[in-house]
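In what follows, a single structure is set out as structure tokens and then discussed.
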Amino acid sequence: MADPVSALAAAGTVSGLMQIIDFSVKVLFNAAKLMQQDVPREAIPLAQLGKQYATISQQIADSTSMRRPLNPQESNMHDLAEQCETASGELLEMLNNLRIDGNCSKAKRAGKATKVAAQAAWKKKDLEQKQQRVQHLNGLLGTAMLETLRTTQLAFHEELSEQSREDTAAVLRAVKAAVDTVSNEAKRQQKKSARITRSLMFADMVRRRDDITTAYSATYEWAFDPGLTDLGRWLENGTGAFWISGKAGSGKSTLMKFLYKHEKTRRLCQAWAGHDTHVICAESYFWFLGSTLQRSVQGLYQSMLYQIFKGCPELLQELCPERWAAHDHDLDESGPWSLAELEDVLQALAHSTCCTYVADGEKRRRVPVRYVFFIDGLDEYDGNHRELATLIVGLGESPHLKLCVSSRPWNDFTNVFESQGRSLRLEDHTGSDIADYIQGEINKAKNANRERRFTSMKSASETRALVVEVTEKANGVFLWVFLVVRSLCDGFANGDSIAIMRQRVKELPHELVDYFGVMLKRLSGTYKRLTAQALFLAALPHHSEVNLIEAVSFIDLWPLHEQPGYFEDKSFATKYEFRQYTSNELREILLQVTWMVRAWCRDFLHLPAATSVYAECNYDIDLMRGGKIEFLHRTVYDFLMTEDIQTLLRKHTPGHFYEPAFERNIVLARLTTVPVTIDGEACRWYSVTASKLLGTDSVTTTDAGHLDSLSQLDRLGAHYLQHCCPGTCANHPGRSGSDQYYTASLGLANNRLYASATELLRQQDVRFARVCSYPDPKAESSLAKLRPADAMLDVALGIADGVDCPLSALDVDFIREVLEAGANPDASRLEDSNQPGKEQISPWVAFLIRCTGVGKEDADQRTAWEVAKTLLELGADPDVRVHLKPATVSLPVDPSIHQRYSRATLGVSDILRTLRPVDEETEVRALLKKCGSIAWRAQVLARREQRDITSPRDPKPHTTT
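Each residue of the sequence shown is one higher than the one before, starting from 453 at the first, in this note's numbering.
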């Protein structure tokens, strides 16, 4: 059987020779036609045909001679080619004899022509036989060639199937592995890009944009008219920064949102960038009343770079090489973005030619990138405005980007941007837009109230007159128009005549601040007090000194729906009922509060549309944090901060609103509303909210109000653990039964959340504490060396490292449970942090030392007595001696104890007598007599041995030095 290489060579040869056969057929056909005409022609290319038959013969021989002898099929084809060559030669020779020499005279040519014609007639039959033989041989040769080609192809496939199956499979496996490697690497790079890009996001990055009103139908189209403004020409051909200025409330943000989204903007920017350049448009909106990032340069940088890298992730490796390398192995070792790093990336982007890939049919081609930034609200930036304007101009010097910015016409911006010569003043162009808006809203109001008869508005001219009056008084301030038109539409619903509406417009002041003052004074008594409280709460995050809340949630105002006097009580955080809500119930609450805000203070505050809040929130906790109550406009906040309005608000708000504890109570009150749709969500809500109160100063503070807040937070935490925690949530890892319980509870106790720590320990499986009764002597950590029950006891007694809780907070019942679970109060294992290497003390001794600092007739005294009695009844040594040398332990010791006793080494009875009144000392003696009896001690030791807790205690009394 032929090898595949030979077969391929033969197939190629035969395929080429088939073209010669086709040529020979055409030649012979023409020869036949000439012979039928009895006219010999010199143009018959039989000589060429003979040469091609010779070529066929030679190629057949050459295609195999270097590898093997000819097979029968190939030999037959070779013989046929030689016969064709001989026959065509004979035919050619006969035809050449019939030629007439063209160089002879005309007379000779005529004579020879007669002679040739006679010869042709005589040899016509021989010529036809020669021609037919050549045709016959040519047909046989073609058939032989086709058969050889078919046989060769079959042989090739058979040989390939038998000899190369395994090699082909190996090749396919190698190809698949290579493809998989490339695919996996591409996926890894995509994940890395997405991870770095996501790190630029922040919670409220698009919140301000979503809250901005969408442009009214057919408004702002003048912005692209070259006869009215230079903005369109700048978008298409301009460079640097284009400044849009306008009064407060004139609609700058709406215009910026309109420009960014408009298709004409994209088309003009693409024309500026060029056909073979990819253009990226990015937007950012400063918001003074938003989060820190919303009003900072860092937030601006993160927002812009997020949009750029999301559109062109391949730029990350070029612009952020260090962060890209830090994300290798799917790990983020780069940390949060710093302002310096963001500045470096943006400067690199501005001063280098970056490229990306764009689709070009089925291919992708590499093209340069240019950028257009739309930045709104420069006056909302919380920093130096001149420096910000200078930064904008500096970025605009790059040939790769340009910026369209907006702000109020403050001096810092005017001095920097006007010299650039690229600007427009918004109120100079919005007159027709305002008129269209007023007319449109009036028509809507008329259509919505068709059942009423407006006899005074039959004339369209009267309506136009009203529109003109409002437009002229607005002086380009769209926000003022919005508020006034809403008031006019209410008049339609009330059946007001045109005269009443025109009078209402005349009475309204044309300045926004004055307008807000009139609206506030018009509120009724009940609404005025509720509105004042709501306005105070909305402004609180923006001027607070403690900064516990970033924004007011609809949850904070919800109690007013059922208890209008809710905030009047100074201790409101502890008075409201603890309630659990599902997702549907929380959404209903959001709608109710939205209606409340509209009724009380719709000219001042608003909530985002419920549908937009739902779209942003995947969990109930996100809904509770995302449903923020916000000012209708920055001018409202500025108005509220004026001295006159602050004085007015104080008249209608309780005095405790201005105390430091008020904001802490708001945080605590939030925790009485619990989301329960998803397991663990309640605990996450508690953790996120409580973290505001657990700042760095929470543990060391001595402020009574703060301590009271921590105490309330502690009680709420214990309630969440008892009633809301599913047992496996990430915020309380100890609930899952792992050894993390001690670390988690100790962390709570260290934050003065003793009740929460105790509740977390209480819910441990007691069997877990008993089964894991033996410590690991080889362990390196002190925790692993402790038995679970002993670790619980340290926290329960408030003597664990870093725990500082009052004795009155100790849970006597839980201490009893821990002791019954096998905790040994007499095991000497607590080290003195002040004297390392000294003799260790037992939990029982450590507790007794704490008791020496207890005064008479207080809660600590009563609780300490109950705990001591429980410890003695469950095995604590009544004969232990406590030496009160100064700095023996890191626990508080009352120096006055040395004045009560003439000796520094005390017995249990000496300390317990300080916890009971003099007339009850007999109770102390009776307790010690019972717990010190031989029979009682024998029972204690027997119980310990039965539980396999420890070896018998050393009979010698323990002392501390």
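We treat Cβ as the ideally placed atom computed from N, Cα and C, and that holds for glycine.
Inter-residue Cα distance where the pair is GLU673 and LEU940: Approximately 26 Å between the Cα atoms of the pair.
Inter-residue Cα distance where the pair is ARG1389 and VAL1376: Roughly 18 Å separates the two Cα atoms.
THR538: first and last residue of the uninterrupted alpha helix (DSSP H) it sits in: Start and end: 524–548.
Would you call the stretch 685–698 and the stretch 849–860 in contact, with 3 or more CB pairs under 8 Å? At 8 Å Cβ cutoff, the stretches touch.
Would you call the CB atoms of VAL1247 and ALA1275 closer than 8 Å? No; because the gap between Cβ atoms is not below 8 Å, this pair is not in contact.
Tell me where the alpha helix (DSSP H) around TRP1047 begins and ends. Run containing TRP1047: 1035–1053, per the alpha helix (DSSP H) assignment.
Can you tell me where the alpha helix (DSSP H) holding TYR758 begins and where it ends? DSSP places TYR758 in the uninterrupted alpha helix (DSSP H) bounded by 749–763.
Please state whether DSSP places TYR823 in a helix, a strand or coil. TYR823 falls in the strand class under three-state DSSP.
Assigned secondary structure, GLY1079 (DSSP; H/G/I helix, E/B strand, else coil): Three-state DSSP puts GLY1079 in coil, outside helix and strand.
Note the first and the last residue of the continuous beta strand (DSSP E) segment covering SER1139. For SER1139, there is no enclosing beta strand (DSSP E); the enclosing alpha helix (DSSP H) has its first and last residue at 1133–1142.
Candidates GLY1169, HIS995, LEU1042 and SER1163: which alpha carbon is nearest GLN1098's? Of GLY1169, HIS995, LEU1042 and SER1163, the smallest CA-CA separation from GLN1098 is found for HIS995.
If you draw a straight line from the C-alpha of ARG1395 to the C-alpha of LEU1205, how long is it? Roughly 33 Å separates the two Cα atoms.
When you compare each of ARG660, VAL658, THR717 and LEU1326 to TRP686 by their alpha carbons, which one comes out closest? Looking only at ARG660, VAL658, THR717 and LEU1326, the smallest Cα-Cα distance to TRP686 is reached by THR717.
Tell me which residues share the same chain as LEU1009 and place their Cβ nearer than 8 Å to its Cβ, disregarding the 5 neighbours each side in the sequence. Hits under 8 Å: ALA986, LEU989, VAL1045, MET1048, VAL1049 and ILE1081.
Work out the CA separation of SER1035 and LEU680 for me, nearest whole Å. The straight-line gap from Cα to Cα measures roughly 51 Å.
Around the Cβ of VAL631, are there at least 16 other Cβ atoms within 10 angstroms (buried) or fewer (exposed)? So VAL631 ends up on the exposed side.
Is the stretch 1023–1043 close to the stretch 626–645, with three or more CB pairs under 8 Å? With a cut-off of 8 Å, the stretch 626–645 and the stretch 1023–1043 do not count as touching, because too few Cβ pairs lie within range.
ASP828 - partner residues in DSSP beta bridges: Paired residues: TYR737.
Can you tell me where the alpha helix (DSSP H) with SER1161 in it begins and where it stops? In the DSSP assignment, SER1161 falls within the unbroken alpha helix (DSSP H) covering 1156–1175.
Taking the C-alpha atoms as reference points, what is the distance between PHE865 and LEU1120? Cα to Cα, PHE865 sits roughly 43 Å from LEU1120.
Whole-Å CB distance - THR808 paired with LEU767, under 8 Å assumed: With a Cβ gap of about 7 Å, THR808 and LEU767 count as contacting.
Check the C-beta distance from GLY829 over to PHE738 and give it rounded, since I have them as a contact under 8 Å. Taking a contact as a CB-CB distance under 8 Å, the pair GLY829 and PHE738 counts as one, their CB atoms being some 4 Å apart.
Does SER1161 pass the burial test, meaning 16 or more other C-beta atoms within 10 Å, or should it be called exposed? Label assigned to SER1161: buried.
Nonlocal neighbours in the same chain, by C-beta distance under 6 Å from PRO820, ignoring five residues either side: Taking PRO820 as the centre and dropping the five residues before and after it, the same chain places the C-beta of THR729, THR805 and CYS807 closer than 6 Å to its C-beta, in chain order.
Might you give, ordered along the chain, the residues of its own chain that have their beta carbon closer than 7 Å to the beta carbon of ARG1365, omitting 5 neighbours on each side? Cβ neighbours of ARG1365 beyond the five flanking positions: GLU1373 and VAL1376.
Determine the burial state of GLY660: buried for a count of at least 16 other Cβ atoms within 10 Å of its Cβ, exposed for fewer. Correcting the residue identity first, residue 660 is Arg in this sequence and not Gly. ARG660 is buried by the Cβ-count criterion.
Is the stretch 842–856 touching the stretch 753–766, taking contact as three or more C-beta pairs under 8 Å? With a cut-off of 8 Å, the stretch 753–766 and the stretch 842–856 do not count as touching, because too few Cβ pairs lie within range.
I need the straight-line Cα distance from HIS852 to PHE944, nearest angstrom please. Those two C-alpha atoms are separated by around 53 Å.
Who does ARG1333 pair with in a DSSP beta bridge? In DSSP, ARG1333 forms a bridge with GLY1359.
Roughly how many angstroms lie between the CA atoms of MET1244 and GLU1269, to the nearest whole one? In a straight line, the C-alpha of MET1244 is about 10 Å away from that of GLU1269.
Would DSSP call CYS1257 helix, strand or coil? DSSP places CYS1257 in coil when its eight states are reduced to three.
Please classify LEU1393: does DSSP put it in a helix, a strand, or coil? Helix, per DSSP.
In whole angstroms, what is the alpha-carbon distance linking HIS1335 and GLN1313? Their Cα atoms are separated by approximately 21 Å.
Among the candidates ALA723, LEU801, GLN799 and ARG775, whose CA atom is the shortest distance from the CA of TRP789? Comparing Cα positions, the closest option is ARG775.
So PHE1056 and VAL1004 are supposed to be a Cβ contact under 8 Å. How far apart are they, rounded? So it is not a contact: roughly 13 Å between Cβ atoms.
Under the DSSP definition of a beta bridge, which residues are partnered with LEU807? Checking the sequence, you will find Cys at residue 807 rather than Leu. For CYS807, the pairing in a beta bridge is given by DSSP as PRO820.
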